[in-house]
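Quick notes on the structure that follows.
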Amino acid sequence: MPENARLNDSIDQIDLEFVEREATPELLMKLGIQLHLAGLSLSNTVSILELFGVKRARSTVHNWVHKADLQPEDGQSPDHIAVDETVIRLNGQQYWLYAAVDPETNELLHTQLEPTTTTVLAQSFLTTLREKHDVDDAVFLVDGATSLQTACSRHGLDFRYEKRGNRNSVERVFREVKRRTSSFSNSFSHAEAETADDWLRSFAFAWNQLI
């Protein structure tokens, strides 16, 4: 699909039902949301909006992204799924990001942010993934994360240890998340866990539209 068609489709999927008495034209609101999720900082995003004669604070664009409640589309049926976990830092505290990626398309299927990593939380992650997508016949690709291997077993899912190969897709996603959360460290600044979780789902929506 041509890149401009992807962008148009992505913008069309942004729902602005949350808007109340917003003076910004809807198209520019959608553009601001898309630009930020595509990689522009909040400062650069508001600078682009100013080119269209719209002056808004960075916090306003942040609130647009948060309230739009964007997330990956449900109902996928991948043959293989790469799953992994990585550390995200919120205000100096460590959280764990679980992610599932379709290695054939590189689409993010589901993300979940937790304060720690346990088998119970890994099971919860897989439970939600199964509710959102048709994955029971898929082969799950896992690395050395014992909690995810055990969770797959308890769910009766077929899984295979794989360090590289098709698992590279989820590693690419994690690298981009880490690049976006901070230029110098893997950290969200002044963000609550719920806000970060919302942002990560919005990021997944944008990632799937632009890959």
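Sequence positions in the sequence shown follow the numbering used here and run 2 to 212.
All C-beta atoms in this analysis are idealised placements derived from N, C-alpha and C, irrespective of residue type, glycine included.
Q. What first and last residue would you give for the beta strand (DSSP E) that runs through V143?
A. Your numbering for residue 143 matches position 142 in the sequence shown. That run of the beta strand (DSSP E) goes V140 to V143.
Q: May I ask you to report which of helix, strand or coil DSSP gives I49?
A: Taking the sequence shown and counting its residues from 1, one reaches residue 49 at position 48. The answer is helix: DSSP assigns I49 an H, G or I state.
Q: Look up F160 in the DSSP assignment and say whether it is helix, strand or coil.
A: Position 159 of the sequence shown holds residue 160. Reduced to three states, the DSSP call for F160 is strand.
Q) If you follow the alpha helix (DSSP H) that H37 is part of, which residue opens it and which one closes it? A) Reading the sequence shown from its first residue, position 36 is the one you call residue 37. Per DSSP, H37 belongs to the alpha helix (DSSP H) from E27 to A39.
Q. Would S60 be called buried (16 or more neighbouring beta carbons within 10 Å of its own) or exposed?
A. Working through the sequence shown from its first residue, we reach residue 60 at position 59. Classification for S60: exposed.
Q: Would you mind giving the Cβ-Cβ distance between L201 and L130, rounded to the nearest angstrom? I have them listed as a contact below 8 Å.
A: Here residue 201 refers to the residue found at position 200 when the sequence shown is read from its first residue. Here residue 130 refers to the residue found at position 129 when the sequence shown is read from its first residue. About 15 Å; that fails the 8 Å criterion.
**Q.** Contact between the stretch 150 to 160 and the stretch 61 to 68 (3+ Cβ pairs under 8 Å)
**A.** Judged by Cβ distances under 8 Å, the stretch 150 to 160 makes no contact with the stretch 61 to 68, as fewer than three pairs qualify.
Q: Might you give, ordered along the chain, the residues of its own chain that have their beta carbon closer than 7 Å to the beta carbon of L29, omitting 5 neighbours on each side?
A: Within the sequence shown, the letter at position 28 stands for residue 29. Result list for L29: L50, F53 and V55, in chain order.
Q: Alpha carbon to alpha carbon, how far is N107 from F141? Give it in angstroms, no decimals.
A: As a working mapping, residue 141 is identified with position 140 in the sequence shown. As a working mapping, residue 107 is identified with position 106 in the sequence shown. Approximately 14 Å between the Cα atoms of the pair.
Q: Compare the C-alpha of N169 against each of A101, N45, S44 and G76 and name the closest.
A: Here residue 169 refers to the residue found at position 168 when the sequence shown is read from its first residue. Considering only alpha carbons, the answer is A101.
Q. Whose C-alpha, out of T117, V171 and S125, is nearest the C-alpha of L91?
A. Counting from one through the sequence shown, the residue named residue 91 turns up at place 90. When T117, V171 and S125 are compared, the shortest CA-CA separation from L91 is found for T117.
(Q) Suppose only complete runs of 4+ residues qualify. What are the alpha helix (DSSP H) ranges in the stretch 73 to 145, listed by chain order? (A) You should have 120 to 133.
Q: Please check the pair I212 and V136, which I expect to be a contact at CB under 8 Å, by giving their CB distance rounded to whole angstroms.
A: Residue mapping note: residue 212 aligns to position 211 of the sequence shown, counting from 1. Residue mapping note: residue 136 aligns to position 135 of the sequence shown, counting from 1. I212 to V136, Cβ: 19 Å. No contact.
Q: Please name the residue, chosen from Y99, D70 and D198, that lies closest to V143 on a Cα-to-Cα basis.
A: Reading the sequence shown from its first residue, position 142 is the one you call residue 143. A check of alpha carbon separations from V143 across Y99, D70 and D198 identifies Y99 as the nearest.
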